[in-house]
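The listed protein sequences derive, respectively, from chains A and B.
For the first sequence, the numbering used here begins at 1 and goes up steadily by one.
For the second sequence, the numbering used here begins at 71 and goes up steadily by one.
Before any comments, here is the structure.
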Amino acid sequence: MPNVMLRNNAAGQLVFYVTKKDHEETVVALEHAGPGAWGGEMELADGSRFYLEPFDQPPKLPLTVRVKRL
Amino acid sequence: MTMNRQETEQLIQEVLEVYPEATGKQRAKHLMANDPSLEKSNKCIVANKKALPGVMTARGCAYAGAKGVVWGPVKDVLNISHGPVGCGQFSRAGRRNYVTGYSGVNVFNDINFTSDFQEKDVVFGGDKKLAKIISELDTLFPLAKGVTIQSECPIGLIGDDIEAVAKKSAKEIGKVVVPVRCEGFRGVSQSLGHHVANDSLRDWVLHGRDDDPSFESTPYDVAITGDYNIGGDAWSSRILLEEMGLRVIAQWSGDGSIPEMQTTRHAKLNLLHCYRSMNYISRHMEEKYGMPWMEYNFFGPTKIAESLRKIAAFFDSTIQENAERVIAKYQPIMDAIIAKYRPRLEGKRVMLFVGGLRPRHVIGAYEDLGMEVIGAGYEFAHNDDYDRTFKELQDGALIYDDATSFELESFVERLKPDLIGSGIKEKYVFHKMGIPFRQMHSWDYSGPYHGYDGFAIFARDMDMTINNPCWQKLKAPWQRAGAEIIQAAA
């Protein structure tokens with residue numbers, strides 16, 4: 001369950017950042033991106049996948065969340 | 071002679087041959103030939119790993135990163151080096167972080183405060199002594215805005231509770247007291263010290279004025295982050311931003327102060343120069359206060375113009391016009407400097423081995439002078455630094471992470487650069503090898519190098535180092551070839 005910071009980069013892509021590891025990757029796929037639910041399974045550019053407990057509304061970014069490695 | 075990727079890989083293999091097999095295998099992961107098309111470094115280079123036993127590297131400790139780099143330049147705090155006396159004394163004022171003010175009155179970063187641990191403090195604990203020091207310091211230096219406790223190794227080993235002392239003393243003296251858990255044995259290099267110091271700023275300082283509405287902000291407020299004012303670097307950066315019509319409300323941490331840090335949240339943009347040492351706090355401020363951050367590069371006219379435009383693009387058209395005006399104002403001056411020095415420096419080859427941002431940031435400045443960087447490496451970078459380096463460096467250039475003294479010397483022997491930029495530990499070795507050298511951590515007692523004013527000094531320094539007549543005098547006259555002697559006599 002790494003602690004990660006989600007933020008949008010200058011190009012508007014969602015970026016996944018693990019502070020402890022200095023690991024920064026763009027999110028290529030997010031299960032629920034629309035209004036109503038935001039989160040779920042996400043896939044990073046390096047192929048790894050994580051699960052984020054979905055929010056009801058798209059949250060204000062940047063935001064530090066805990067995610068589950070899949 | 072520029073090497074292509076294959077030749078560089080070949081060179082790496084040859085240099086690694088002397089190591090025992092296991093060591094060679096480990097070290098091979100830290101060395102590579104540059105490929106500017108790479109986006110991510112984690113597949114091709116290993117960084118931020120413990121140095122191997124038996125080799126000599128140029129790394130520092132967590133205390134060096136926290137006290138020396140991040141906290142040291144803050145002018146209005148009393149940095150107590152908590153532990154034995156040496157760490158504080160040998161890191162005092164060596165980095166030349168310039169400040170304004172009066173030493174001992176409202177500026178304290180040139181004084182060594184230490185708890186001078188003795189055996190009995192190790193046996194019985196140093197918390198009482200620490201509390202006493204803090205209240206004594208408050209009496210002696212009433213204008214200080216805070217106290218930081220920079221732990222040295224023994225504090226972590228004996229398990230002193232400096233956080234408790236900090237909380238109690240903060241109440242007693244009514245000022246910020248920051249415990250910094252930067253014991254030297256933590257982590258693999260000074261890089262962890264930067265992180266620890268950033269976290270201490272986040273937890274103990276940053277929110278200090280969150281419910282104080284008295285600060286009047288303007289739409290043009292910015293903060294300079296990750297500039298330690300070495301030789302006046304932050305000042306020569308700041309004037310450019312001010313000429314553009316922006317207002318610099320905080321400097322982190324060169325010539326910075328606690329009140330500035332606490333009002334930073336009013337800035338509209340966080341300008342991040344040293345990504346390695348301050349990205350942590352910038353990311354935190356973005357999350358907490360919604361303050362965007364942007365990396366910039368103020369080395370050399372090309373990169374400065376690029377950065378000024380990038381910064382201006384964040385603001386309205388007035389600032390953008392001002393930025394163009396500033397660039398137009400300085401460009402002729404820079405052209406004159408390049409016209410003067412470029413003929414003397416054209417084609418010279420440089421190898422760099424420095425810390426957090428310089429191996430990539432100064433490449434533009436060297437290229438402005440017609441020089442090429444053939445090798446670059448970091449002492450303590452992480453993979454995200456290498457992500458940012460590939461694009462800046464030419465194809466096939468040698469990259470070395472946490473190079474050992476043996477590797478660095480072998481690379482230099484083989485590549486024969488015209489200039490090396492590295493630290494004081496390497497300086498005299500390369501002087502004796504007869505190679506011009508600049509100490510690029512604190513600009514070899516010169517500077518500033520940031521900004522347009524800094525570039526003028528940078529160009530002059532590089533010229534006077536490379537073209538210094540002393541390099542021709544290293545061979546005794548009787549060892550020189552006959553033709554050379556006749557030439558010298560003529």
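Each residue gets a CB set at the ideal place from its N, CA and C atoms; glycine is no exception.
Quick test of your reading: GLY521 of chain B and SER307 of chain B, contact by CB under 8 Å. State the CB separation rounded to the nearest angstrom. 5 Å
Check this for me: beta carbons of LEU415 of chain B and ILE536 of chain B, under 8 Å apart or not? yes
Cβ closer than 8 Å: which chain B residues qualify as neighbours of LEU63 of chain A? GLU357
Are the region 324 to 334 of chain B and the region 398 to 409 of chain B in contact at 8 Å, needing three or more beta carbon pairs? no
I need the straight-line Cα distance from ASP457 of chain B to ASP105 of chain B, nearest angstrom please. 11 Å
With DSSP as the reference, please indicate the residues paired to GLY68 of chain A in a beta bridge. Per the sequence shown, the amino acid found at residue 68 of chain A is Lys instead of Gly. Beta-bridge pairing links LYS68 of chain A to A:TYR51.
Can you tell me which of the three DSSP states PHE211 of chain B falls into? coil
Minimum C-alpha distance to LEU63 of chain A - residue among B:HIS354, B:LEU439, B:GLU242, B:GLN509: B:HIS354
MET1 of chain A at chain B interface by Cβ criterion, 8 Å: no
How big is the Cα-Cα spacing for LEU210 of chain B and TYR436 of chain B? 47 Å
Quick one, which of B:ASN349, B:PHE369, B:SER284 has its alpha-carbon nearest ASN329 of chain B's? According to the sequence provided, residue 329 of chain B is Pro. The question's Asn does not apply to it. Selected option, being the one with the closest Cα: B:SER284.
Find the nearest neighbour of PRO136 of chain B within the set B:ASP197, B:ARG256, B:GLY171, judged by alpha-carbon distance. The residue asked about is misnamed: residue 136 of chain B is Ala in this sequence, not Pro. Comparing Cα positions, the closest option is B:ARG256.
Using a Cβ cut-off of 7 Å, pull out every chain A residue sitting near ASN453 of chain B, in sequence order please. ASP22
Cβ closer than 9 Å: which chain B residues qualify as neighbours of ARG7 of chain A? ARG353, GLU356, GLU357
Buried or exposed: which applies to GLN220 of chain B, given that a residue is buried once 16 or more other Cβ atoms fall within 10 Å of its Cβ? buried
Any idea what DSSP makes of ASN453 of chain B, helix, strand or coil? helix
Thinking C-alpha only, which one of B:CYS114, B:PHE528, B:ARG165 is nearest VAL432 of chain B? B:PHE528
Neighbour-count burial assignment, GLU391 of chain B, 16 or more Cβ in a 10 Å radius: exposed
GLN159 of chain B - partner residues in DSSP beta bridges: Looking at the DSSP assignment, GLN159 of chain B forms no beta bridge with any residue, so it has no partner.
Excluding sequence positions up to five away, which residues of its chain have a Cβ less than 6 Å from the Cβ of ASP531 of chain B? SER516
With a threshold of 8 Å between beta-carbons, can TYR89 of chain B be considered close to chain A, or not? no
Return yes when the Cβ of VAL246 of chain B is within less than 8 Å of the Cβ of VAL266 of chain B, no when it is not. no
Going by C-alpha to C-alpha distance, which of A:ALA37, A:PRO35, A:ASP22 sits closest to PRO2 of chain A? A:ASP22
In whole angstroms, give me the CA-to-CA distance for ALA446 of chain B and GLY142 of chain B. 27 Å
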